[in-house]
Structure formats: C-alpha cells, structure tokens
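Participant: Going by this note's numbering, the sequence shown opens with residue 803, and the numbers climb by one from there. The beta carbon of each residue, even a glycine, is placed where N, CA and C say it ideally should be. What follows is a structure written as structure tokens; I'll ask about it next.
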Amino acid sequence: MTIAPKLLVAMAVAGVLVLPAAAQQSAPPSPFDMSPESGLRTAPVAPAPVVEPAPAVEAAPAIPTSFERHIVPFAQLQLVGEDARQAVEVYLTQAQAEAPASVEVGYLNAIVAAPEASTLEVTINGTNIVSGPIAASATTGKLEAAIPAGLLRAGGNIIEFEAIQRHRTDCSVASTYELWTQIDPATTLLRFEGQGLDRITALSEVAAIGFDATATTTVRFIVPELGTPAVTAAAIELVQQVALALHVPEIAVELDDSLPAETPVGTLNVVLATAATLPAGVSVMQPQADAGPLAAFVPASVAGNTLVVSGPDWGSITTAMRAISAASTPADPDLLLQRVDLANPIPRVTGATSLTLSDLGVPTIEFNGRRYRTSFEFALPADFYANMYGQAQLLLDAGYAKAVLPGSVLDIYANGQIASATPVLRTDGGLSRATPIKVPMTNFRPGRNEIEIELLLQTEADLECAPGLTGSAPPRFLFSNTTQFNIPDFARAAALPDLQAFAGTGAPYGGGQPVPLVLGQGAQVTPAAMTWLARLAIASGAVVPVTLVGEGQLDPAANALVISPLTALSDALLNRSGVARTISAGPGATGDRAIVDRFNQTVGAPSANTLDTIRNWVADKVGLSPQNFWLARPEDGAYLPQSSDAVVLAQAVQPEGGVWTFLTIPDDKTFLSGVQRLTQTVNWRAITGRVSALGANDPAVIAIQPGGRTLVQTQPFSVFNLRLVAANWLSTNVLEFTALLAGVTLLLTLVTAALLKSLGRRQ
C-alpha cells in the first residue's frame, strides 16, 4: 500500500505535536522508529506538583463598635399620677463618659392619658435631654436623643424620668390613680459608640459593671479551694465587699469551677485563689500574684470583666481584699452608701435632726393638678426605740390658690403606711410658712425609711370639669423644698429578737468583729449563704465578717449565724432556732393549735373568752395591738414552715444571752432559689418579727411577731435615754403602765393620808 506524501507529512507533524504529551506516559520508545524525526530528543516534563488546599482561616471576631448599658435598676418602673418622677444613678468608666453617647427610652402608658397634655421628660445630671408627648397606649413608644459631649462623667450620673400626665376626660382626684407610664427596663438604655467600652480596668470602676435587662447583677465566683473553712469565710466576706462596690440592689451569686466562655452584660467574674492555684484562664496574672497582694482586673485580651483577688498566701489575699473595701466606702460618712436605685442622698439620723427637703433631692414645684406626690428618705440606727410614743414634725412651706376647697387634704405616709392626714385650712390664697404637721413615728424602722407626702386638691372648676381643663388649669399649689422635716431625740435600746433591725442594719452583728457562722451540709448552702450575706451588706451598707465554726464551737452567750437546711440541723440547734422540723398541713393540722391561738391573739380575731373580746375592742378603739394589753406574755412556740420550699429566717435570744439568727428551709434542693426570692428588695424590706418566711407561692412575706422582747442596753447609761426608753416601754405595755400608775396613785394616796393624819394629831 502506497501512502501519499501529504499524509506522511501530516502524520509527522502530528507526531511532533503530540510528543510532549506522549512523553508523559511510561510506555518505552519503539526500537524501530523509522520516522524522519527519530533523532529529536525532548527533556521529560516534570510532573506538576500537587498543591494541598490551604486550611480555612477563621475570621477574627468582629470587635463591637457600640456598647449598651441598661439604666433602670428595677424589674418594673411605673410612673403613676399627674406628676411622677424617679431618679436613678448610672456609673460609667472614664472611657464611656468620653465616648459619643445617646439615650433611648421605651415606654407604655395608660389609654386615658391625654397626649396633648401629657409629657415624658428625661434629664441627665440636671440637663433636659429629651421630652415628648406620652402617646404609646397601644404599642411601646420610644424616645431617643444624643447626649451632649461633656455632660456624662466618670463615676455616678443621675438620670431622672418625669411624667406629667393628665386625664382625657375626668377631673376628679380618683381619676389620677388611672394615669400611669411604664418604663421598659429592657429597651431603656445608654448607647455608646466606640470599641472596648465594655471593659473595666480599675477597681474604682467596678460599679460600671451595671446589670442586665432584668435589673440583676450576676457575680460568678471561681474559688479553687472552696470548701476549706478559711477560704469559704474569705469568699463570703469578699462577696459582701463586691456587692457594696457594685452599688446595685439585686445580686445573683454563682459558683463555677472555671472561667466561663462568655461574660454577658451585667456579669462580673471574680477569681479568689492563691498564685499557685490560679485557673489557666488568668495565669497571666500569676507573676504579679507571686510578688504580693493582688486585686486587679485581667487584661482585655485574656477574658471578660474578671476581677482577680490573689497573692502568694491567704494572708496577702486578706490584704488585697481591703483594696476592694475602699471602693465601697461612702464619700460622706453621714450618708448611706448610694445605690443605683437610691439616687438621692440618705442621711443617717442618730438623734435630734432637722432635714431640709432641698438637701434630700426634693424639688420646688408649681402644680396645677389634683394630686401631688413626692418622697424622701433617711436612715435610723439599729437601736431605734421610739415607735410607740415619738412624733416627728413636718414644717410645711407651701402656697395654695384661692380656688382650693376645704375638702383638700395633705397625707403623709411612713414606709407605705398612713402616718398623718391634715385638712388644708388655708383657702384664701397665700403662702403657708413653717406650718407644723405632726408625724407619729409608729411605722419608723431601723435602717432606711421612706416618707411620702401626698396632697389631694379639690376646686370648683374640677367639679364642673370643662373640656380641656385637665391640661390647662391654672397653678393651684406651690410646694417649696425649704420645707423642713424635724426628728426629735429618741430612745436608743435594742429590743430583741428583731429581724427588721437585722434586715435594715445588720444588727446585732455589726462592729467589724468576725461572727461565728455554722454552715450545714448541701451543695446549695454556700451560694445561699453568699447571696444572703451580700443582700445584708447591700441593705446595711457594711460587711459582716464571719468565721466558720462547727456546731460544738458555738457559745450560747455570744451572737452567731446558722445557715442550713432543716434536715441538716441537729436537734440541739433546732431547739434553739424557734423553728419546727415538721411542715404544717394547714391551720387545722395537729400541733398547729398553739400557733393559731397566738395568731388570733395577735390580730384580735374573735374569741369566746370575754376578757379577750374586751381587750380586742379596747385595742381597736385606741389604735393599738391586742398584744399591747397582754399582762402575761405567752411563750413563743416553734414555727411550722407552711411548705417545703418556704425559706425561713428566724432569730432567737438564747437563755445564755446570745442572739442567733437562722436561715433554713425544709427542702434543701430549693434552698438557693428560696434565698434568691427572699433577698429581692421588695421582700427583704418586708422582713420583721422573730420569724419571716416566704414560699414559692406566697404572695408576700409571712411575719410572726415575738410574744415578748428583751431590751438590751446599747448606749452609755444616761438618765435622759433611760427616761425615753421607759416612755416607749410603758406605751407598749399598756397593762403594766396601768398597774404602775395605779400603784403610784395608791402610794400617793397612802402617803397623803398618813401626812394628813399626822398633821391632824399635831393640831
């Protein structure tokens, strides 16, 4: 077969073109290559290198460019009435104060509020930032505005919400109670622009931790050696110091084995450990801890806001803890330590005192509504003993318009209870200067006290209620903050047991001396103890140092604390607690009859006993309690918890003289949740008597008053104080006073008769 020359040429060319590709194959060359290009040699092509895919690089987490701070330290904030205001305090770091910032307020109001005459206003450090009509009855409304540069400052900043509200159609006093504006804590906040503004770098900035959307500050403790008595006592003292430095009302204490991966807003991590036992997450602090006492925040690159309290040994750690105490010391010792929920100053009153309302944060106001309400606070010592005879006095500076009718009245409330009702007699117009109004001190208490002043005004125009009057009425009342509140000298003595004094001032465990503390068995006992004593420090403004001891080391003649589930209490401790181990099955259950009888005697319930009926009737007529008419005081029996989840706080004076306070619960599995419930501000303020208990389903704290109290001298002896103590004791014990008065009368009669008989004989 003859092959065409053109085809040969084409094949030859094809061979040259495919050779490089063929050279990559492993087949050997043919020994009989007769092509014209047989002499061509090409270098073998090296195999292409296999390139492994590069591992995926994780993107660096985005650095937030803004930071939000919740500013409402209440689970619920409602501004009720025609003129309502609430001030709070927000602590900021230097970086936050210097950053561009804005305020956002979420709110909801009553449908009866007239938007054209109702205004919500927000001021910061005395400067009006934003105001707008109250018009969000259907969905949550929002006010927002930028904060001028330089207005915020490092440390405390006062933010005040004020609602001026008027009814759409009704001009009566009763209608003012229908007006409300509810501030939403979750959407009311400060917003800062910048990076790293959530970081706390100095002990002086601890209060800038703030709280979460539920107004709770969480403190997570990491204590590697927890369980050792000395270490546990140090942790209990440290949580109190941290609670005071945070300036917040609500604290949740958690115990963790290691640093959590995330630190949410309103959360502070606290590491308490020697240098050798510091967790891996904060090992960067070990060189400093090895060198000496250390109380500092870890660098921003290591963890969230984490406070490390450490040192080479526990002696140095105790020194480091004192640095935190400095952050919780009041700038003015005559004032209580300010909290974010108590923005106005609260003076300490230990004797005769005159307080000007301007010094207590009360403004002067000109008012054209129907109901005006304002309040102020002060603090009394733990041994305040004048609740049955003492009277304070309000020297009122005010002005009334001529239109005010005689039916108007000025009411004064002490700690939520009516203390005085005074008719408004000045109806001819003009000022009322230093008009004295007596305020009985019946409802005053050791610790923080709140006085509310409410003025109810009636005019002819309100009776007619012309259209538009609710928002356009002329001024009818002027309240001046030159008004004075005078408190007289009062008796100083401790009347024990008294859980109200304990909850308000920490008495009788003050003075800085370590208090023996018995901790029972159970996983929830230690965090419950830390939560309880942190709340006590917040309320009293002072730390109660403790020493962990065994039950056998307790001295009945000395004061002590016991924290344990009922199931872990020995019979000896239980007998001294005033609490029974049995759970009540209801008022008719066996063993409850004595409690029911004492309750009936206390509240004046109907009795088949004629003497009891007369006593209750007299007590009701003179405004006293039936127990004020007891001649022989009944002994206090053991309190039976009403449910297994009811946390019980009990105080008992031991026969040997010591005062022991017990925190217990029947079901140890609900101990921590029960204590957290009891330590909420609204419940803590309701603690009183010898026993206070609160179950999960209880609407309020159940308080049991003691049958009798033991008076303990707390001040150096003086005839003046003894006279005041005797006045209060005799006012409390009416039958004893009556018997004493009858005895003195009889003695005077006999002496007079003897004298007359002697003189008659001489004549």
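How would you label Asn1071, buried or exposed, when you count the other beta carbons within 10 angstroms and need 16 or more for buried?
Facilitator: buried
Participant: How long is the line joining the alpha carbons of Val1084 and Phe963, rounded to whole angstroms?
Facilitator: Taking the straight line joining both Cα atoms gives about 41 Å.
Participant: My guess is that Phe1180 and Val1151 are in contact by the Cβ rule of under 8 Å, so how many angstroms apart are they, rounded?
Facilitator: 5 Å
Participant: Quick check on the DSSP output: the beta strand (DSSP E) that includes Leu1368 runs from which residue to which?
Facilitator: Counted as a single uninterrupted DSSP element, the stretch harbouring Leu1368 is not any beta strand (DSSP E), since DSSP gives it neither H nor E.
Participant: List the DSSP bridge partners of Asn959.
Facilitator: Paired residues: Val892.
Participant: With distances taken Cα to Cα, identify the nearest neighbour of Thr929 among Ala901, Leu999, Gly908, Ile961.
Facilitator: Comparing Cα-Cα distances from Thr929 to each of Ala901, Leu999, Gly908, Ile961, the minimum goes to Ile961.
Participant: Going by other Cβ atoms of all chains shown within 10 Å of its Cβ, with 16 needed for buried, is Gln1515 buried or exposed?
Facilitator: exposed
Participant: Am I right that Pro1051 and Leu879 are in contact with their C-beta atoms under 8 Å? What's the rounded C-beta distance?
Facilitator: The pair is not a contact, with the Cβ atoms about 13 Å apart (cut-off 8 Å).
Participant: How is Tyr1311 classed by DSSP in three states: helix, strand or coil?
Facilitator: coil
Participant: For Val1553, which of helix, strand or coil comes out of DSSP?
Facilitator: helix
Participant: My assumption, with CB atoms under 8 Å, is that Asn959 sits in contact with Val892. Please give the rounded CB distance.
Facilitator: 5 Å
Participant: Give the DSSP bridge partners of Val1327, in chain order.
Facilitator: Paired residue(s): none; Val1327 is not in a bridge.
Participant: Please return the same chain residues whose Cβ sits closer than 6 Å to the Cβ of Phe1401, not counting the five positions on each side in sequence.
Facilitator: Confidence is the limiting factor: at Phe1401 the pLDDT is only 48, short of 50, which leaves the residue's position unreliable and the question unanswerable from this model.
Participant: What is the DSSP secondary structure of Val1086, counted as helix, strand or coil?
Facilitator: Correct three-state label for Val1086: helix.
Participant: Using C-beta distances below 7 Å, list every residue in its chain close to Leu1350, excluding the 5 sequence neighbours before and after it, in chain order.
Facilitator: Pro1031, Thr1034, Ala1035, Leu1319, Leu1321
Participant: Could you check which residue in Pro935, Ser868, Ala976 has the C-alpha nearest to that of Gln1260?
Facilitator: Ala976
Participant: Shortest alpha-carbon distance to Thr983 belongs to which of Ala937, Glu1007, Phe1023, Pro1026?
Facilitator: Ala937
Participant: What separation, rounded to the nearest whole angstrom, lies between the Cα atoms of Leu896 and Arg955?
Facilitator: Checking the displayed sequence, the identity of residue 896 turns out to be Gln instead of Leu. Their Cα atoms are separated by approximately 7 Å.
Participant: On the DSSP letters alone, give me the boundaries of the beta strand (DSSP E) that Leu1265 sits inside.
Facilitator: First-last for Leu1265: 1262 to 1266, but that is the alpha helix (DSSP H), not the beta strand (DSSP E).
Participant: When DSSP labels each residue in this structure, what does Gln1193 get in the three-state scheme?
Facilitator: Here Gln1193 sits in strand by DSSP.
Participant: Whether or not the segment 1105 to 1117 and the segment 1064 to 1081 are in contact is what I'm after, with contact meaning three or more pairs of Cβ atoms, one per stretch, closer than 8 Å; do they touch?
Facilitator: yes
Participant: Thr1466 and Leu1356 - do their beta-carbons sit closer together than 8 Å?
Facilitator: no
Participant: Short check: CB of Asp1143 to CB of Val890, under 8 Å?
Facilitator: yes
Participant: Return the residue from the list Leu999, Asp1185, Ala915, Arg1337 that minimises the CA-CA distance to Arg1479.
Facilitator: Arg1337
Participant: Tell me where the beta strand (DSSP E) around Glu1039 begins and ends.
Facilitator: Note, Glu1039: premise wrong, no beta strand (DSSP E); alpha helix (DSSP H) at 1031 to 1048.
Participant: Taking the alpha carbon of Pro1114 as the reference point, which residue from Ala1098, Arg1124, Gln1090 has its own alpha carbon closest?
Facilitator: Gln1090
Participant: Which same chain residues end up closer than 8 Å to His872 when comparing Cβ atoms and leaving out the 5 residues on each side of it in sequence?
Facilitator: Cβ neighbours of His872 beyond the five flanking positions: Pro987, Ala988, Thr990, Leu991, Gly1012, Phe1013, Asp1014, Ala1015, Ala1017, Val1067, Gly1068.
Participant: Measuring straight from C-alpha to C-alpha, what distance separates Asp1161 and Ala1145?
Facilitator: 13 Å
Participant: State the CB to CB distance for the pair Ser904 and Leu922, rounded to an integer number of angstroms; the pair is presumed to be in contact (CB under 8 Å).
Facilitator: Incorrect: roughly 16 Å between the Cβ atoms, too far for contact.
Participant: If you follow the alpha helix (DSSP H) that Arg1124 is in, where does it begin and where does it stop?
Facilitator: 1116 to 1128
Participant: Touch check for the segment 1243 to 1255 and the segment 1288 to 1304: three-plus C-beta pairs under 8 Å?
Facilitator: Below 8 Å, enough C-beta pairs join the segment 1243 to 1255 and the segment 1288 to 1304 to call them touching: three or more.
Participant: Is the segment 1311 to 1318 close to the segment 1529 to 1543, with three or more CB pairs under 8 Å?
Facilitator: no
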